[in-house]
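Here's the structure, in structure tokens; my notes come after.
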Amino acid sequence: MRISIETTRQNPDRIMSKTYNQRLIKWTSITVAVMFILPFAVAKLASECAGMALCMMLFLVINPLYSILLGIVAGQNIKALWNLPLISAVAFLAGAWLFFDIHELWFIAYAAVYLCIGIVAMLIMNYLKRK
22 MRISIETTRQ
32 NPDRIMSKTY
42 NQRLIKWTSI
52 TVAVMFILPF
62 AVAKLASECA
72 GMALCMMLFL
82 VINPLYSILL
92 GIVAGQNIKA
102 LWNLPLISAV
112 AFLAGAWLFF
122 DIHELWFIAY
132 AAVYLCIGIV
142 AMLIMNYLKR
152 K
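Following the working numbering, the numbering of the sequence shown begins with 22 at its first residue and continues without gaps.
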């Protein structure tokens, strides 16, 4: 009798793990889309003058804001989603080197800054959640 009760009861840890895995897959997919589609659009579709302005907007506005957003999402469950800022930084580096064809080492500095922004936002969100 006891075996049948335990087999019908769902494990709450497994359910939580499944939802956080789904969130991780969802945000990883969005990150890959943002970090690959936006640089591709800037590099391939924009003219030279507009491309430079869009690159500056991408590097100085959109990517930092997206890193903050990922940090906030990761800070809600830091144990399961801690790697989102890291995935974002690596995806930015891969996208920038792939689509801009420059292979400039300064892109590593941008990726490191985006990683730091995401980690700080994650830690702040975790602190505010605990409070």
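We put the beta carbon where it would ideally sit given N, CA and C, even for glycine.
Exercise for review: Give the secondary structure of Glu125 by DSSP, where H, G and I count as helix, E and B as strand, and everything else as coil.
Suggested key: Taking the first residue of the sequence shown as 1, we reach residue 125 at position 104. It is coil, neither helix nor strand.
Check your understanding: Taking the alpha-carbon positions, what's the Ala74 to Lys65 distance?
Key -> Along the sequence shown, one-based indexing puts residue 74 at 53. Along the sequence shown, one-based indexing puts residue 65 at 44. The alpha-carbon atoms of Ala74 and Lys65 are separated by roughly 14 Å.
Point to revise | Backbone CA spacing between Ile129 and Leu105 [nearest angstrom] | key: For the purposes of this step, residue 129 is taken as the residue at position 108 of the sequence shown. For the purposes of this step, residue 105 is taken as the residue at position 84 of the sequence shown. Near 17 Å, if we compare the C-alpha coordinates of Leu105 and Ile129.
Practice item. Please classify Trp103: does DSSP put it in a helix, a strand, or coil? Key: Taking the first residue of the sequence shown as 1, we reach residue 103 at position 82. Trp103 falls in the coil class under three-state DSSP.
Point to revise | Length of the line joining the Cα atoms of Gly139 and Ile145 | key: Position 118 of the sequence shown, counted from the start, is the residue given in the question as residue 139. Position 124 of the sequence shown, counted from the start, is the residue given in the question as residue 145. Taking the straight line from one Cα to the other gives about 10 Å.
Check your understanding: By a C-beta neighbour count over all protein chains shown, 10 Å radius and 16 as the cutoff for buried, is Thr40 buried or exposed?
Key -> Here the question's residue 40 lines up with position 19 in the sequence shown. It is exposed - the Cβ of Thr40 has fewer than 16 other Cβ atoms within 10 Å.
Check your understanding: Candidates Leu149, Val111, Lys152: which alpha carbon is nearest Cys137's?
Key -> To locate residue 137, count along the sequence shown from 1; it is residue 116. That would be Val111, whose Cα lies nearest to the Cα of Cys137.
Check your understanding: Does DSSP put Ala67 in a helix, in a strand, or in coil?
Key -> Sequence index remark: in the sequence shown, residue 67 carries index 46 (1-based). The answer is coil: DSSP assigns Ala67 none of H, G, I, E or B.
Review point. With Lys47 and Gln97 assumed to form a contact (beta carbons below 8 Å), what rounded beta-carbon distance in angstroms separates them?
Key: Taking the first residue of the sequence shown as 1, we reach residue 47 at position 26. Taking the first residue of the sequence shown as 1, we reach residue 97 at position 76. Cβ-Cβ separation between Lys47 and Gln97: approximately 13 Å, too far for a contact (criterion under 8 Å).
Check your understanding: Which one of Arg44, Phe61, Ser88, Glu125 has the shortest CA to CA distance from Val134?
Key -> Residue mapping note: residue 134 aligns to position 113 of the sequence shown, counting from 1. Of the listed residues, the one whose Cα sits closest to Val134 is Ser88.
Check your understanding: Where does the unbroken alpha helix (DSSP H) through Asn98 begin, and where does it stop?
Key -> Here residue 98 refers to the residue found at position 77 of the sequence shown. Unbroken run through Asn98: none, as it is neither H nor E.
Exercise for review: Kindly say whether Val63, judged by its beta-carbon, lies nearer than 9 Å to any beta-carbon of chain B.
Suggested key: Checking the listed chains, one finds no chain B in this structure; it contains a single protein chain.
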